[in-house]
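*Asks:*
Residue numbers (the working numbering), protein chains in the order written: chain A, 11 to 164; chain B, 11 to 164.
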């Protein structure tokens, strides 16, 4: 089980999401939401919060579960919680080269590390547009069967 | 990860839930929702459906994820999907002594196998009452820290 969060910062009506540039393989140099393997003796929420602190040095308030993505060919289930970034004192952890806030228009879609991340971000921005019109965030589930085949970043 | 379902049968305005009496330890002789360990190469939905077929011989249509329960002291995460029971041709599998439909008032609350099951059923009936008044089912999350300490069934 891989647990992570979608750390959101909203100021002056603009939404930004905190992404980490991976310092480790697989997918070194690509951008990801903070996430990692759940450990024993912790809950899914604790794992999501811990990974966000470890990889992005971010102080967050965890919100409801937002996405559940099955990746059966690698025997993984990825889950992402929505999260409110509490301040801007984030910093790259040892597994990140860089940590940065991105507005939707600036998301490096071609340089995202994993399809679970890109799909979660797509669901998130889609829901966020609905929330602005009085809707609400849902729980999104997706099964990803296709192994990842992408060129190395240039 | 333990995946299961809440197989619901609704007829003449009455809701009934399919429970299985466990034929195996732990908690042999106690009632449970059909559920079991997720296997490699399957999705959470496939696991929930497979376990329901194996333990209860039930034909179901899987509905959205309903509960996610962390049980950190045994290193488990339990998830239950709502499910529509498609017919009454269910039958106990090898891991069940008996499979039976229960209305809410008949649920054997004192003889349920696991707190993840009793809490999921409580959430379910509570939501079902809201659905009858125009509400909707939610996603329920709960962390269960207390190890189970209950007497053997008499």
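Every residue, glycine too, gets a C-beta built ideally from N, C-alpha and C. Note that the structure is a prediction, hence the values are computed from the model and not measured.
#1: Is the CB-CB distance between residue 66 of chain B and residue 118 of chain B below 8 Å?
#2: Check this for me: beta carbons of residue 27 of chain B and residue 107 of chain B, under 8 Å apart or not?
#3: If you measure beta-carbon to beta-carbon, which residues of the region 74-91 of chain A are closer than 8 Å to chain B?
#4: Return the first residue and the last residue of the alpha helix (DSSP H) that residue 132 of chain B is part of.
#5: Give the DSSP-derived three-state secondary structure of residue 44 of chain B in the structure shown.
#6: Please decide whether residue 22 of chain B counts as near chain A, where near means a Cβ-Cβ distance under 8 Å.
#7: Any C-beta of chain A within less than 7 Å: which residues of the region 35-60 of chain B qualify?
#8: How would you call residue 141 of chain A, buried or exposed, if buried means at least 16 neighbouring beta carbons within 10 angstroms?
#9: Between A:44, A:60, A:116 and A:92, which has its C-alpha nearest residue 72 of chain A's C-alpha?
#10: Counting C-beta neighbours from all protein chains within 10 Å, is the total for residue 58 of chain A 16 or more, i.e. buried, or is it exposed?
#11: Along chain B, which residues have their Cβ under 7 Å away from the Cβ of residue 151 of chain A?
#12: By how many angstroms is the C-alpha of residue 152 of chain B removed from the C-alpha of residue 129 of chain B?
#13: On the CB-based measure, 16 or more other CB atoms within 10 Å of its CB, does residue 98 of chain B come out buried or exposed?
#14: How about residue 150 of chain B and residue 133 of chain B: are their beta carbons less than 8 Å apart?
#15: Report back the beta-carbon spacing between residue 127 of chain A and residue 11 of chain A to the nearest angstrom; my notes put them in contact at under 8 Å.
#16: Consult DSSP for residue 37 of chain B and reduce its assignment to one of helix, strand or coil.
#17: Who are residue 147 of chain B's beta bridge partners in DSSP?
#18: Beta strand (DSSP E) containing residue 94 of chain A: first to last residue?
#19: Would you kindly work out how many angstroms separate the C-alpha atoms of residue 165 of chain B and residue 114 of chain B, rounded to a whole number?
#20: Excluding the 5 residues preceding and the 5 following residue 148 of chain A in the sequence, name in chain order all residues of the same chain whose CB lies nearer than 7 Å to its CB.
#21: Please state whether DSSP places residue 82 of chain B in a helix, a strand or coil.
#22: Look up residue 6 of chain B in the DSSP assignment and give the residues it is bridged to.
#23: Just to confirm my understanding: we take residue 24 of chain B, look at its own chain, exclude 5 residues before and 5 after, and list those with CB closer than 8 Å. What are they?
*Replies:* Let's see:
#1: Taking the first residue of the second chain as position 1, residue 66 of chain B is located at position 56. Taking the first residue of the second chain as position 1, residue 118 of chain B is located at position 108. Against a cut-off of 8 Å, the Cβ pair of residue 118 of chain B and residue 66 of chain B comes out as no contact.
#2: By one-based count along the second chain, residue 27 of chain B stands at place 17. By one-based count along the second chain, residue 107 of chain B stands at place 97. Cβ atoms of residue 27 of chain B and residue 107 of chain B: not closer than 8 Å.
#3: Of all residues in the region 74-91 of chain A, only 74, 75, 78, 80, 82, 83, 85 and 87 come within less than 8 Å of chain B when Cβ atoms are compared, listed by chain position.
#4: Here residue 132 of chain B corresponds to residue number 122 of the second chain, with the count starting at 1. Where residue 132 of chain B is concerned, the enclosing alpha helix (DSSP H) stretches over 125-142.
#5: Taking the first residue of the second chain as position 1, residue 44 of chain B is located at position 34. Here residue 44 of chain B carries a coil assignment [DSSP, helix/strand/coil].
#6: Counting from one through the second chain, the residue named residue 22 of chain B turns up at place 12. No, its Cβ sits nowhere closer than 8 Å to a Cβ of chain A.
#7: Within the region 35-60 of chain B, 50, 51, 52, 53 and 54 place their CB atoms closer than 7 Å to a CB of chain A, listed in sequence order.
#8: Numbered from 1 along the first chain, position 131 holds the residue referred to as residue 141 of chain A. Its Cβ having fewer than 16 others within 10 Å, residue 141 of chain A is exposed.
#9: Residue mapping note: residue 72 of chain A aligns to position 62 of the first chain, counting from 1. If we check each option's Cα against that of residue 72 of chain A, A:92 comes out closest.
#10: Stepping through the first chain from its first residue, residue 58 of chain A is reached at position 48. Residue 58 of chain A is buried by the Cβ-count criterion.
#11: Looking up residue 151 of chain A in the first chain gives position 141. Within chain B, the residues placing a beta-carbon under 7 Å from that of residue 151 of chain A are 75, ordered along the chain.
#12: Looking up residue 129 of chain B in the second chain gives position 119. Looking up residue 152 of chain B in the second chain gives position 142. C-alpha separation (whole angstroms): 8 Å.
#13: The residue given as residue 98 of chain B occupies position 88 in the second chain. Answer is exposed; the Cβ neighbour count stays below 16.
#14: In the second chain, the residue the question calls residue 150 of chain B occupies position 140. In the second chain, the residue the question calls residue 133 of chain B occupies position 123. In contact: residue 150 of chain B and residue 133 of chain B (Cβ atoms closer than 8 Å).
#15: Position 117 of the first chain, counting from 1, holds the residue named residue 127 of chain A. Position 1 of the first chain, counting from 1, holds the residue named residue 11 of chain A. With a Cβ gap of about 16 Å, residue 127 of chain A and residue 11 of chain A do not count as contacting.
#16: Within the second chain, residue 37 of chain B is the residue found at index 27, counting from 1. Here residue 37 of chain B sits in coil by DSSP.
#17: If you number the second chain from 1, residue 147 of chain B lands on position 137. Note: residue 147 of chain B sits in no beta bridge, so no partner.
#18: By one-based count along the first chain, residue 94 of chain A stands at place 84. For residue 94 of chain A, the enclosing beta strand (DSSP E) starts and ends at 86-95.
#19: The question about residue 165 of chain B has no answer here: the residues shown for chain B are numbered 11 through 164.
#20: Counting from one through the first chain, the residue named residue 148 of chain A turns up at place 138. Non-local C-beta neighbours of residue 148 of chain A in its own chain, meaning closer than 7 Å and more than five positions away in sequence, comprise 137, ordered along the chain.
#21: If you number the second chain from 1, residue 82 of chain B lands on position 72. Look at residue 82 of chain B here: in three-state DSSP terms it is helix.
#22: This structure leaves residue 6 of chain B out entirely; chain B is present only between 11 and 164.
#23: Locating residue 24 of chain B in the second chain gives position 14, where the first residue counts as 1. Close CB contacts of residue 24 of chain B within its chain, under the 8 Å cut and outside five residues either way in sequence, are with 113 (chain order).
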